[in-house]
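For reference, the structure discussed in these notes is given below.
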Amino acid sequence: DNKLYKQELQKISYLLEEIAAIPSLNHSLKDVLQVRANEFRDTVNTTPFQSGDVHWIQSESPLDELIGFYEDYHSPFNLTAILEQIIGVKDEKYEKLTDGLRNMIPAAEDRLAQLLGSDYSKRDFKFLPTVICINSVGFADNRCEYVGIAMNLPNVTPYGRGDLTKKVILLNNVAAREKYVSRPMAEPLMDPEQFRQLSSEGMLLATISHEIVHGLGPTLGYDTPHGKMSDALKEYSSLLEEAKADLYGIT
17 DNKLYKQELQ KISYLLEEIA AIPSLNHSLK DVLQVRANEF RDTVNTTPFQ
67 SGDVHWIQSE SPLDELIGFY EDYHSPFNLT AILEQIIGVK DEKYEKLTDG
117 LRNMIPAAED RLAQLLGSDY SKRDFKFLPT VICINSVGFA DNRCEYVGIA
167 MNLPNVTPYG RGDLTKKVIL LNNVAAREKY VSRPMAEPLM DPEQFRQLSS
217 EGMLLATISH EIVHGLGPTL GYDTPHGKMS DALKEYSSLL EEAKADLYGI
267 T
């Protein structure tokens with residue numbers, strides 16, 4: 017509720033406008049910052065952030081600035097969101113790789129529709145989701161113990177446009193998790209021959225595939241006889257959505 021945090025959000029708005037006023041700043045990024053600043057001042061609308069999400073998704077700036085309210089996986093029944101901010105520099109080399117995987121989305125959706133049968137309404141991907149790869153230089157939310165490696169946003173309804181999403185892969189966070197978390201955990205558990213095949217490149221491909229799959233099949237906003245998918249699955253909705261992305265992304 018913006019009214020509860022009016023003073024804090026006003027401070028954020030002023031800071032965003034200061035940055036947007038820098039003369040040399042990319043015009044696309046200026047638009048993102050200014051729209052977000054105005055939204056943070058909005059104490060009338062309960063969800064005033066849809067326009068800012070659309071501007072962020074369509075931004076062509078080489079510097080990506082994500083700031084807004086997004087889903088908190090630890091929230092009971094997914095009823096709350098948290099304020100996140102990520103600043104990162106886009107990596108064109110890896111974005112060419114993601115383009116190849118992104119173009120596989122329609123075929124992957126067709127295969128899912130075959131497996132799920134006639135009760136499933138297949139999605140028509142008129143607009144493929146935006147996928148960017150960045151090296152993050154700033155990362156902040158209220159979970160100091162957690163550093164994400166990728167995200168599929170926006171994921172708090174209602175959306176500004178239901179056909180627009182943006183998937184962000186944080187390259188340096190992926191490399192750090194592979195080196196300092198995944199590899200030390202895997203070494204005592206895996207067969208030595210398999211362990212030698214582990215690589216940050218492989219983990220990156222798995223991460224990109226995972227994020228792309230989030231938009232396939234029955235998503236949490238899918239209509240079921242019991243309401244939205246998230247309502248039908250209740251507290252298991254996020255868990256099952258992540259499991260779907262892991263399993264289908266690997267295959």
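All residue numbers for the sequence shown refer to my numbering, where the first residue is 17 and numbers rise by one.
Heads up, the beta-carbon is just placed ideally off N, CA and C, and yes, glycines get one too.
Closest Cα partner of residue i within the set the options
i	options	result
R118	Y86, S253, L221	L221
Y136	T114, A37, Y238	Y238
G84	I73, I98, Q130, Q74	I98
S40	P78, R57, L20, V60	P78
V229	D207, L144, I103, P204	L144
S198	D126, V184, G218, L31	G218
L169	D107, M206, E227	E227
A192	Q210, G104, V163, Y30	V163
A123	L31, K138, G68	K138
D140	I150, D126, S152	D126
E76	E24, L31, V105	V105
I121	A156, F211, S225, P241	S225
A156	K142, Y110, M201, I102	I102
G231	E111, K260, Q210	K260
Y30	E55, M206, F211	E55
Helix, strand or coil at residue i according to DSSP, with G and I counted as helix
i	result
N54	helix
I121	helix
K109	helix
T146	strand
D80	strand
K138	coil
F8	Absent from the structure is residue 8, since the part of the chain shown begins at 17 and ends at 267.
N188	helix
A36	helix
G233	coil
E100	strand
M206	coil
L180	coil
L169	strand
D212	As written in the sequence, residue 212 is Arg, which differs from the Asp given in the question. Coil.
G133	coil
S75	coil
Y30	helix
V70	helix
V60	coil
T267	coil
G116	helix
V48	helix
V197	helix
K19	coil
Contact set for residue i: own chain, Cβ-Cβ below 6 Å, skip 5 residues either direction
i	result
G233	L128
W72	V48
T146	I73, K182
Q50	A36
V184	I148, M167
Y264	V229
I266	none
Residues bridged to residue i (per DSSP)
i	result
D239	K244
S152	G104
F85	L99
Residues near residue i by beta carbon distance below 8 Å, same chain, minus five either side
i	result
L132	G233, P234
L256	L249
E33	L49, Q50, A53
S134	none
P200	none
Other residues of its chain near residue i: CB distance less than 7 Å, five sequence neighbours each side excluded
i	result
N19	In the sequence as displayed, the identity of residue 19 is Lys instead of Asn. Cβ within range, chain order: T59.
I165	L186, N189, V190, R193, T223
Y86	A97, I98, E100, L169, P170, N171, V172
P204	none
K22	T59
K142	D179
Supposed close pair residue i, residue j - CB separation, criterion 8 Å
i	j	result
Q26	R57	7 Å
E81	L45	6 Å
I150	D115	Not confirmed; about 15 Å, so no contact.
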